[in-house]
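S.K.:
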Amino acid sequence: ETGVTQTPRHLVMGMTNKKSLKCEQHLGHNAMYWYKQSAKKPLELMFVYSLEERVENNSVPSRFSPECPNSSHLFLHLHTLQPEDSALYLCASSQEGRGATDTQYFGPGTRLTVL
Amino acid sequence: SQKIEQNSEALNIQEGKTATLTCNYTNYSPAYLQWYRQDPGRGPVFLLLIRENEKEKRKERLKVTFDTTLKQSLFHITASQPADSATYLCALGTSYNTDKLIFGTGTRLQVFP
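Sequence order for the protein chains is A and B. Numbered according to our numbering, the first sequence spans residues -17 to 97. Numbered according to our numbering, the second sequence spans residues 46 to 158.
#1: How would you list, in chain order, the residues of chain A whose beta-carbon sits under 8 Å from the beta-carbon of residue 150/B?
#2: Would you say residue 82/B lies against chain A (beta-carbon separation less than 7 Å)?
#3: Does residue 127/B come out as helix, strand or coil in the three-state DSSP assignment?
#4: Count the CB pairs spanning the segment 45 to 56 of chain A and the segment 51 to 64 of chain B that are closer than 8 Å, and state whether there are at least three.
#5: Taking the alpha-carbon positions, what's the residue 128/B to residue 87/A distance?
#6: Near residue 18/A, which residues of its chain fall below 7 Å by C-beta distance, leaving aside the five closest residues on each side in sequence?
#7: Residues of chain A with CB closer than 9 Å to the CB of residue 91/B, please, in chain order.
#8: Report yes if the C-beta distance between residue 138/B and residue 49/B is below 7 Å; otherwise report no.
#9: Report the rounded CA-to-CA distance for residue 80/A versus residue -6/A, giving the unit in angstroms.
#10: Tell me the residue span of the beta strand (DSSP E) that contains residue 51/A.
#11: Touch check for the segment 59 to 69 of chain B and the segment 84 to 92 of chain B: three-plus C-beta pairs under 8 Å?
#12: To which residues does DSSP link residue 104/B through a beta bridge?
#13: Which term fits residue 0/A, buried or exposed, when burial requires 16 or more other beta carbons within 10 angstroms of its beta carbon?
#14: Which residue wins for smallest C-alpha separation from residue 12/A, given the options 65/A, 60/A, 56/A and 77/A?
#15: Taking the beta carbon of residue 111/B as the centre, do at least 16 other beta carbons fall within 10 Å, making it buried, or is it exposed?
#16: Any Cβ of chain A within less than 7 Å of the Cβ of residue 133/B?
#17: Report the three-state DSSP secondary structure of residue 66/A (helix, strand or coil).
#18: Which same chain residues, not among the five before or five after residue -9/A, have their C-beta less than 8 Å away from its C-beta?
#19: Does chain A have any CB closer than 7 Å to the CB of residue 87/B?
#20: Let me check understanding here. Comparing Cα to Cα, which of -13/A, 56/A, 45/A and 21/A lies closest to residue 35/A?
#21: Would you mind stating whether residue 96/A and residue 63/A have Cβ atoms separated by less than 7 Å?
#22: Within a Cβ cutoff of 8 Å, which residues of the same chain sit near residue -3/A, ignoring the five residues on either side of it in sequence?
#23: Hey, residue 82/A and residue 77/B: beta-carbon distance below 7 Å or not?
#24: Could you check what DSSP says for residue 28/A in three-state terms: helix, strand or coil?
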């Protein structure tokens, strides 16, 4: 498989559940990103990892917990979410951690619904 | 406050015409500006990057301009086709925080035959 893949594509969870989103990139990139996309709002950067080190945490609530075990995989662990967390969660990767100048390659996203 | 504004209304144009999308920003000094295309249910796809010292960039039927005085970028699609229908996002990057891109809300373009 090529590019950036995300699983699951759709997820429905209750507020007390714990779930994880998975992202995998097959591009040999060194940086990975999590974004949140809500209706009528711009893409919001959540986390940036460069060479498996977190370099950006954009004031994200602690109920979202990222994990980057290696440069090809990125997880977003979810617990005790709120209905307003329902959104499309997008993963992206780039060659280096310079999101401003690097081309970012996005996955298809996970559509999350919190009941 | 810092803001990126794109045409909030959908842009509807006829096939064959040139589509022009606008990205205006306030209280930013971007060194880079990128344009992405997003189709429904898909992640954004990179189209073009333009630097602050470049006035214009072209790629096939696409042209981007960057005017740091007007604080504006224009994105043109010439000879538009129904397949160009999508949402187009502009995103700014600064030289002092190169980790992140800041995205606009996007403009939905509909090209009808």
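For every residue, glycine included, the Cβ atom is placed at its ideal position computed from N, Cα and C. All of these numbers come straight from a predicted model, not from anything done at the bench.
M.R.: On the basis of the supplied data:
#1: 22, 23 and 24
#2: By the rule that beta-carbons nearer than 7 Å mark a contact, residue 82/B does not touch chain A.
#3: Looking at residue 127/B - three-state DSSP - the assignment turns out to be helix.
#4: Between the segment 45 to 56 of chain A and the segment 51 to 64 of chain B, the count of Cβ pairs shorter than 8 Å is below three; the stretches do not touch.
#5: 21 Å
#6: Hits under 7 Å: 26, 28, 69 and 71.
#7: 85, 86, 87 and 88
#8: Cβ distance not < 7 Å, so residue 138/B and residue 49/B don't count as in contact.
#9: 33 Å
#10: 46 to 52
#11: no
#12: 107/B
#13: In this structure residue 0/A is exposed. Its beta-carbon is surrounded by fewer than 16 other beta-carbon atoms within 10 angstroms.
#14: 77/A
#15: buried
#16: no
#17: helix
#18: 90, 91, 92 and 93
#19: yes
#20: 56/A
#21: yes
#22: 62, 63, 64, 65, 96 and 97
#23: yes
#24: strand
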